[in-house]
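Residue numbers (full-length UniProt numbering): 1 to 295.
Every residue gets a Cβ at the ideal spot worked out from N, C-alpha and C, and that includes glycine.
Every value quoted in this text rests on a predicted model; they were computed, and no experiment measured them.
So the structure is just underneath, and the comments pick up after that.
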């Protein structure tokens, strides 16, 4: 009987000692630094997606992106990462589908915008790694979330409709200075990035991975479309009158009340999003540990 109690005590003691042993094994050498790059496909969700739902986000509408990042491991589960990313998003009423397709046929708006993003996120590995880089877990799924600052600059392409003097077909115009809805908006904004990915060990110091991330923004003007049509009196340039005055329509059969001041031009109840899907390549910089010298 005493032997059984002794065995149970040893078992409980070993369970209690396990986290301590793991904590001791997570040394400075386990807190390694990673540098790398990523190639991404940028997509967006807003008023100019094919359908007004997340299901409308299509890889066929994606635009390329790239970036660089630095990651520091803090604990067996947690790392922090800073990244600088560049990409492009785009949308067009010509790709419209669904019950609002006729309305969007007449609206006939389009945009594209470069995105520059600086982000800081926390990463939580779903499988802990207590070891040094060379002995790390070979396949690790993870989730992440954080904060990002980004800059955008929507441009529209002159395409169809009645083109005012001073504009040429195919010309690209910066839309924010035109105040197409009679409003000013900031092109530097904050976003909340979050998502998931997986890292795979392919060499002693190299990981490759895949990652899907969403950016919840606090602006509805990634595409320069948000609220209502403004008065033509507020549209001071040919470009403003073209993109903001309703004359981008495909033909002259536009319903009479569609583009009058105050008529809906976009859906301001939902903010715009952009989404990234990409591959990552990481190189691990190992810490060199000092060893005792014996004489």
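By the 16-neighbour rule on beta-carbons within 10 angstroms, residue 270 is exposed. In the assembly as shown, residue 162 is an exposed residue. Its beta-carbon has fewer than 16 other beta-carbons within 10 Å.
Of 214, 285, 244 and 107, the smallest CA-CA separation from residue 278 is found for 214.
Residue 180 and residue 224 do touch by the CB rule: their CB atoms are close to 6 angstroms apart, below 8 angstroms. Ranked by Cα distance from residue 201, the first of 70, 140 and 233 is 140.
Here residue 151 has 116, 187 and 188 as same chain residues with Cβ atoms under 7 angstroms from its own Cβ, once five neighbours each way along the sequence are excluded. Between residue 121 and residue 147, the CB-CB gap stays under 9 angstroms. Residue 71 and residue 282 have their C-alpha atoms some 9 angstroms from each other. Cα atoms of residue 73 and residue 37: separation of roughly 17 angstroms, rounded to the nearest angstrom. Taking a C-beta distance under 9 angstroms as the contact criterion, residue 264 and residue 230 do not qualify as a contact pair. Residues 230 and 234 of the same chain have their beta carbon placed closer than 6 angstroms to that of residue 182, with the five preceding and five following residues left out of the count.
By the CB criterion at 9 angstroms, residue 205 and residue 174 fall outside the cutoff.
Here residue 48 is not near residue 68, since their CB atoms are 9 angstroms or more apart. Ranking 107, 30, 28 and 34 by CA distance to the CA of residue 285 puts 34 first. The C-beta separation of residue 65 from residue 40 comes to about 4 angstroms, placing the pair in contact by the 8 angstroms criterion. For residue 77, the closest alpha carbon among the candidates 191, 136 and 164 is that of 136. Under the three-state reduction of DSSP, residue 266 is assigned to coil, being neither helix nor strand. DSSP places residue 77 outside any alpha helix (DSSP H), giving it a letter other than H or E.
Residue 244: member of the alpha helix (DSSP H) spanning 238-244, first to last residue. Counting along the chain, residue 62 sits inside no beta strand (DSSP E), nor does DSSP assign it H or E at all. Put simply, the backbone Cα of residue 29 is about 8 angstroms away from that of residue 133.
By the Cβ-count criterion, residue 149 is exposed, with fewer than 16 other Cβ atoms from all chains shown falling within 10 Å of its own Cβ. In the three-state reduction of the DSSP assignment, residue 231 falls in the coil class, being assigned neither a helical nor a strand state.
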